[in-house]
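According to the working numbering, the sequence shown is numbered sequentially starting from 18.
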Amino acid sequence: MIALSNNSRAQNGLTPKEQLAFAKREKELKLQFEQAALSWPAKQLYIRSFKQDGQLEIWVRNEMSEPFRLFKIYNVCALSGKLGPKRREGDLQVPEGFYHINEFNPNSDYHFSLGINYPNQSDLFFTDAKPGGEIYIHGKCATVGCIPILNNPIEELYVLANIVRKEGQDYIPVHIFPVRFNNESSFKVLQSITGVNPQYQDFTNQLKQVFDYFEQYKQLPIVGINQNGAYKLISR
């Protein structure tokens, strides 16, 4: 990819703050990709987060037919609420489910932020009349229901997300899981909750289907919802 000058970037709609982030991070990202034997620039990005494990994974690929490859794992530096989905405004919960990036905010109070489309169609079956919103992956280390990963990581992720968007990816999926289901200690924590909450157990089983599919194939299935708002795999 040809490096763009600041003037060229301004013409492409980047703010001065975004231009500075590109100047700091783009060459670093390219080098990191080369060191990981990944093709640059990435054309597709997939993000998944694990609440109990405090991690945000970044997966990339260049063709639909290719499996995703893990690029990096960021630490989530703070978590509010507890395991379980977000269901109402002010509950401090981080959502759980299948989302996508719906906002690029360079003017965030938390340095940079990437918006997540909570509440989604499934959430709206179960949420309060006031479900809340404004859920972001962002910088700094404070949260009231978001996913904070500190300033340097969010700069890097923000630039990478911008790059894949310019490469043609309009839909950047973000999957938020309560735990890493194949981590024994994390899964035991989840079981201690679902064992006394059958409704939550059913919900986490829906999430686990998608987790398991990706773990096996490194591809994303198409996920829909049924007439009751539950997630279902449409294609495998």
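Built from N, CA and C at the ideal position, the CB exists for glycine as well.
For the beta strand (DSSP E) holding Lys-249, just list the boundary residues, first then last. Counting along the chain, the beta strand (DSSP E) containing Lys-249 begins and ends at 248 to 252.
Cutoff 7 Å; reference Gly-246; Cβ partners in own chain excluding five residues on either side: Take Gly-246, set aside five residues on each side of it, and the residues of its chain with a beta-carbon closer than 7 Å to its own are Ser-139, Phe-142, Phe-143, in chain order.
Apart from the five residues just before and just after Tyr-63, which ones in its own chain have a Cβ nearer than 7 Å to its Cβ? Here the set comprises Trp-76, Phe-85, Pro-190, Leu-237.
Quick one: complete alpha helix (DSSP H) runs, 4+ long, within the region 199 to 228? You should have 201 to 211.
Could you tell me which residues DSSP puts in a beta bridge with Trp-76? Answer is Tyr-63, Leu-87, bridged to Trp-76.
Rounded C-beta distance between Tyr-217 and Gly-98? I'm assuming under 8 Å. No, Tyr-217 and Gly-98 are not in contact; Cβ-Cβ is about 14 Å, not under 8 Å.
Less than 8 Å between the beta carbons of Asn-79 and Lys-60, yes or no? Yes, they are a contact pair.
Pick out whichever of Asn-214, Pro-215, Pro-58 has its Cα sitting closest to the Cα of Val-176. Answer by Cα proximity: Pro-58.
Would you tell me roughly how many angstroms separate the C-alpha atoms of Asn-92 and Ala-146, rounded to the nearest one? Here the C-alpha atom of Asn-92 lies approximately 33 Å from the C-alpha atom of Ala-146.
DSSP beta-bridge partners of Gly-114: BP columns for Gly-114 point to Ile-193.
Where do the ends of the beta strand (DSSP E) carrying Val-181 lie? It is not in any beta strand (DSSP E) - Val-181 instead sits in the alpha helix (DSSP H) that spans 168 to 183.
May I have the straight-line CA-CA distance separating Asn-40 from Pro-33, to the nearest angstrom? The displayed chain sequence assigns Ala, not Asn, to residue 40. Taking the straight line joining both Cα atoms gives about 10 Å.
8 Å contact criterion, which Leu-131 and Ile-152 should meet: CB distance rounded: Contact between Leu-131 and Ile-152 is ruled out by a C-beta separation of about 10 Å, above the 8 Å threshold.
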